[in-house]
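A quick write-up on the structure given underneath.
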Amino acid sequence: MRWALVKVSLAVTTMVVVAFAVPLGLVIKEMARDRAFSNAERQAAAIAPALSITTDPHSLKVALLSTQAGEAGRMAIHLPADAPGEQIGDIIEVGIGRARQADLQTAADGQGSITEVPGGSSLLMPTTSRTNPIAIVEVFVPSADVTRGVTTAWLVLAGVGFALVVGSVAVADRLGVRMVQPAQRLAGAAHDLGEGELGARVPEEGPTELRSAAIAFNAMADQVVQLLANERELAADLSHRLRTPLTVLRLNAASLGEGPAADQTRSAVEQLEREVDIIIRTAREAKPQTTAPIGPGAGCDASEVVRERMDFWSALAEDEGRKVRVAGVDRPVRIPVARPELAAALDALLGNVFRHTAEGTAFSVDVHNGEDAVIVLVSDAGPGIADPAAAMARGNSGNRDGSTGLGLDIVRRVAESTGGDVRIGRSVLGGTEVRVWLGLDARGPGVEERRRGHRGTEKRRQRVPSRAKSRVGGNS
């Protein structure tokens, strides 16, 4: 828009300057010509008194030299011959004449004229002498006198025109900046708001239309913030309502007595209470925590968390006759993921194994520690997943009872918070293998690029139809 205004202003101003400067330059040229010949007519008129008194060539020469043009050798008097012995039609010339004989004969008929001669033009003015014959006064006008001052005037006009064009372009550029900058700020604020910066606002300035757009954008951003706050409060309130039935469950679990089943029930109730507390605290924060802290000392020991969760799930696996293998947890493995988040991701993966495979199906958990990443593999010997892309889509439960379609999405978010990812493939046991790649430096090079790539992948996944053709083993 800015350059369009500059181009339009340049074109319009140039046309206006040309429309006025060219005719004005021609007028100036004509005025210079008229000035030169008007001066020549005054010089010729100065000889008229002398011609009315005498026709003596010597006296006329003296009078001729008294004028400016005569002194410069640019004036002549052509007298008809009237002395005895001279032929009729002969002309006596006083001064330096330049006009042709034919032009002099035309002027002798009483018609003044301007004729072209070498080096300029000659003004021929007929004048009545003392003896009544017509005398011709010739005044030579050099070409330099005809064009004197024209070049300077044209240069001045060109300078004024150029200054007008430059000035109009500068004004148009300032106007364009005044219009473009608010639009750029509005676009930048919209981009920031789309990236999750809820504090992005636009200064309400600029042209009326853009100012109105800025006001509307700020109102929309405020409404978005308010809606998100309301949603967080609603989530916190709904989570808080779960505390009453959880209290009943905890009291009932306490009365179960001793035994593995009672211990598992009490442990599950305590974990559920902790998860509800986390949901309530997160929902009531002004900015929900979407990434794990990565400061010094943050994160957890992946091996310890895997051992702890496998102790919990192994008891259930023994009841169902499942073979369990755990590898890579014999030494500490630090990862930049909070302990509750990793535990929730592992529970989601292992819960899928128990929920979507038959009893007696073997599974394994492997932890691989690399220089820049930790890989957690959860494998099973089930029938596998027919459509891994559909299984990764958030909310796609495949119409299975007891599935919300959020399990693998929780795992994916934990991985992406470290710059990693989640992939589904075929395991060596013959079933599904879920590979969780956890980056060890969430602030390292390339993390932001991977996150942008994951966001693009998430958008593509959202276009997967909800009626996925996954047969078994989907996310929950």
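As numbered in this note's numbering, residues 5 to 480 make up the sequence shown, in order.
Glycine included, C-beta positions come from ideal geometry on N, C-alpha and C.
| query | result |
| --- | --- |
| Strand pairing of L127, partner residues [DSSP] | I118, V143 |
| Boundaries (first-last residue) of the beta strand (DSSP E) holding S259 | Here S259 belongs to no beta strand (DSSP E), and DSSP marks it neither H nor E. |
| Length of the line joining the Cα atoms of P88 and L108 | Any reading at P88 must be qualified, since the residue scores a pLDDT of 40, below 50, and its modelled position is unreliable; the value itself is stated next. Going by the C-alpha atoms only, they are around 23 Å apart. |
| Contact check, I81 vs A139, beta carbons under 8 Å | yes |
| R416 to F221 span [Cα, whole Å] | 33 Å |
| Distance between R205 and A174 (C-alpha atoms, nearest Å) | 30 Å |
| Cβ neighbours of A48 in the same chain (closer than 7 Å, five flanking residues each side left out) | L127, M129, V141, V143 |
| Alpha-carbon to alpha-carbon, G74 and L14 | 53 Å |
| Distance CB(T131)-CB(S125) smaller than 8 Å | no |
| Where G409 falls: helix, strand or coil (DSSP) | For G409, the pLDDT reaches just 48, beneath the cut-off of 50, and the residue's location in the model is therefore unreliable, although a value from the coordinates is still provided. If DSSP states are grouped into helix, strand and coil, G409 belongs with coil. |
| CB contact flag (G355, R326, <8 Å) | no |
| Residue nearest to G424 in terms of C-alpha spacing, selected from P340, V382, V160, M19 | P340 |
| Top-ranked residue by Cα proximity to V12, from S172, G165, K33 | S172 |
| Residue span of the alpha helix (DSSP H) that contains A191, given as start and end | 154-198 |
| Range covered by the alpha helix (DSSP H) that runs through A352 | 343-360 |
| Endpoints, beta strand (DSSP E) assigned at A331 | 328-331 |
| Residue range of the unbroken beta strand (DSSP E) whose run includes R313 | Unbroken run through R313 is the alpha helix (DSSP H), 306-323; no beta strand (DSSP E). |
| D107, enclosing alpha helix (DSSP H) - first and last residue | 105-112 |
| Contact test: S307 Cβ vs the ligand HEM heavy atom, cutoff 7 Å | Of ligands this structure carries none, so the ligand HEM is not represented either. |
| DSSP state of A8 mapped onto helix, strand, coil | helix |
| One or two residues paired with D425 in a DSSP bridge | W441 |
| Between the CA atoms of L190 and S474 - distance to the nearest angstrom | Since pLDDT at S474 reaches only 32, below the 50 mark, its modelled position is unreliable, and no value is offered. |
| V66 burial status per 10 Å Cβ neighbour count (16 or more: buried) | exposed |
| T17 and V169 closer than 8 Å at C-beta | yes |
| For P84: DSSP bridge partner residues | I95 |
| Under the three-state DSSP convention, the category V150 falls into | helix |
| Per-residue burial, F166 [other beta carbons within 10 Å of its own, 16 or more giving buried] | exposed |
| Where T58 falls: helix, strand or coil (DSSP) | coil |
| Straight-line gap, S117 to A162 (C-alpha atoms, nearest Å) | 35 Å |
| Residue range of the beta strand (DSSP E) that includes A395 | A395 -> not in any beta strand (DSSP E); alpha helix (DSSP H) instead, spanning 392-396. |
| Residues of its chain near F41, where Cβ-Cβ distance is below 7 Å and the 5 sequence neighbours each way are ignored | I118, L127, V145 |
| Simplified DSSP state of T212, which is helix, strand or coil | helix |
| Close Cβ partners of A187 (< 7 Å) along its chain, the five nearest in sequence each way excluded | L214 |
| Classification of L260 by the beta-carbon crowding that lies within 10 angstroms, buried from 16 upward | exposed |
| Segment limits, alpha helix (DSSP H) that includes A73 | 72-75 |
| Contact belief for V280 with S307 at Cβ below 8 Å, rounded distance in angstroms | About 27 Å separates the two Cβ atoms, so there is no contact after all. |
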